[in-house]
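Numbered according to full-length UniProt numbering, the sequence shown spans residues 1 to 343. Glycine included, each C-beta is placed from N, C-alpha and C at the ideal position.
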Amino acid sequence: MNKLLRILALLLVVGVPTSASAALQQLTNLFVFGDSLSDGGNSGLLSQAATGGTVTFPPPPYYNGQYSNGPVAVEYLWNMYNPGNTSFGPSLAGGTNYAIGGATTGLESFSSVNPNVPVALQPVYAQKSNAWQLASFATQSPVFDPATSLFVVWLFPNDVFYADTTATLPGIVPGSAGGANVISNGVANIVATVQTLAAAGAQHVLVANMPDLGQTPGFLGNVGLSGLSALFNNSLGLAMSALDAALPSLEIVQFDTAATLSEIIANKGAYGFDVTDQACVNNLLNGQCNPATWMFWDGVHPTTRTHEILAARFFSAVPEPSAILLFAIGFVGLLVTGRRKAL
């Protein structure tokens, strides 16, 4: 009996994650720092405020001032933990989703120079990026339980677009706009973001890497962008692993967006998709697009169905109580009960 209990005690030690913030058993707060892939309506709210409610960007058939045809991944993630709870929303409406379309990892916003954004609205988005999101979080100074709160950081593609458009970096780390510097600047900004959140009390942070831009309809087959995406993702992964080791009180969950989307494309039928290489919105009016079976809404943004799949993967990636831990606890209980009966 004593030997068996010692083995089970070892299982308990092995089964408990070493981080003090081990398992996220419930989600009472979700804080999001990101771009259009996570924008829950901030872009639309900002455009409405600037135009007296006459203009919403992105416009219909985009959903609710967001960059898809329905909710995005972080919204689905919240609902998976809290079905029917509508308290999670965009920061400009008092919520904790600070993400906004066009955001870079730094100071400047791609939306302020994006030719697809109406010229009159471009100044509205000036410097509405990650630095603005962190400042908004600091100003809001929300009260949260670190043990049941998750912070999501999902940024970078707009750094590439901004640098390509302006030949400058979006800040905050200085440097020229060459590809290597864009990557190092972006990684440094994300590292600083996670450090800032940890200093504010965060214990659980999910950091997602970028999609392979060469697999999106807008840049399909672009080998250069695929290579840049891979280099950034590798650099980000190394930086997050080092940061995770340096901050034992912080649990960093790394999510591989690129691999996930690649797997969906390779097995599209299993996910109910017919089309993965075209933009649905371009074919919506002529009736050739069914958003439920198309992977991408536009040239770079997924449909809400794809976001739903990503949310399920997010949910799976966030650690829950270890199965071996639960088994061991239950087995110890049975042993103790049996021993009492024997006595």
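Check: Under 9 Å between C-beta atoms of residue 103 and residue 129; Outcome: yes
Check: contact_flag[the stretch 222-231, the stretch 266-273] where n(CB pairs < 8 Å) is 3 or more; Outcome: no
Check: Neighbour-count burial assignment, residue 215, 16 or more Cβ in a 10 Å radius; Outcome: buried
Check: Exposure label - residue 40; buried when at least 16 CB within 10 Å; Outcome: buried
Check: Cα-Cα separation, residue 182 to residue 230; Outcome: 13 Å
Check: Neighbourhood of residue 86 by C-beta distance below 8 Å, restricted to the same chain and skipping five residues each side; Outcome: none
Check: Per DSSP, cross-strand counterpart(s) of residue 109; Outcome: 103
Check: Distance cut-off 8 Å: residue 134 Cβ against heavy atoms of the ligand PLP; Outcome: No copy of the ligand PLP appears in this structure; indeed no ligand is present at all.
Check: Touch test, the stretch 56-73 against the stretch 281-299, Cβ-Cβ under 8 Å, three pairs minimum; Outcome: yes
Check: Where residue 193 falls: helix, strand or coil (DSSP); Outcome: helix
Check: Cβ pair residue 138, residue 200 closer than 9 Å; Outcome: yes
Check: Residue nearest to residue 36 in terms of C-alpha spacing, selected from 154, 118, 121, 119; Outcome: 154
Check: Other residues of its chain near residue 81: CB distance less than 7 Å, five sequence neighbours each side excluded; Outcome: 26, 27
Check: Residue interval of the beta strand (DSSP E) (run including residue 254); Outcome: 251-255
Check: Cβ contact (3+ pairs, closer than 8 Å) linking the stretch 138-149 and the stretch 105-113; Outcome: no
Check: Alpha carbon of residue 159 to alpha carbon of residue 250, nearest angstrom; Outcome: 26 Å
Check: Three-state secondary structure (DSSP) of residue 240; Outcome: helix
Check: Cβ distance (whole Å) where residue 210 is taken to contact residue 156 below 8 Å; Outcome: 5 Å
Check: Spatially closest choice to residue 242 from 187, 258, 256, by CA coordinates; Outcome: 187
Check: Cβ pair residue 206, residue 252 closer than 9 Å; Outcome: yes
Check: Supposed contact pair residue 76 and residue 301 - C-beta distance, whole angstroms, cut 8 Å; Outcome: Actually they are not in contact, since the Cβ atoms of residue 301 and residue 76 sit about 15 Å apart, beyond 8 Å.
Check: C-beta contact flag for residue 161 and residue 33 at 9 Å; Outcome: no
Check: Extent of the continuous alpha helix (DSSP H) run through residue 306; Outcome: 304-317
Check: Within 9 Å, strictly: CB atoms of residue 48 and residue 99; Outcome: no
Check: Assigned exposure category for residue 58 - 16 Cβ within 10 Å defines buried; Outcome: buried
Check: Member of 285, 279, 148 whose CA lies at the smallest distance from the CA of residue 293; Outcome: 279
Check: Contacts around residue 189, its chain only, beta-carbon distance under 7 Å, and the 5 residues preceding and following it disregarded; Outcome: 105, 106, 130, 172, 173
Check: Which listed residue (317, 289, 63, 83) has its alpha carbon closest to that of residue 204; Outcome: 317
Check: Cβ shell of residue 29 (< 6 Å), same chain only, five flanking positions each side left out; Outcome: 144, 149
Check: Boundaries of the beta strand (DSSP E) in which residue 29 is found, first to last residue; Outcome: 29-34
Check: Residues near residue 262 in its chain [Cβ-Cβ closer than 7 Å; skip 5 each side]; Outcome: 212, 215
Check: Cβ-based burial, residue 180 [other Cβ within 10 Å; buried from 16]; Outcome: exposed
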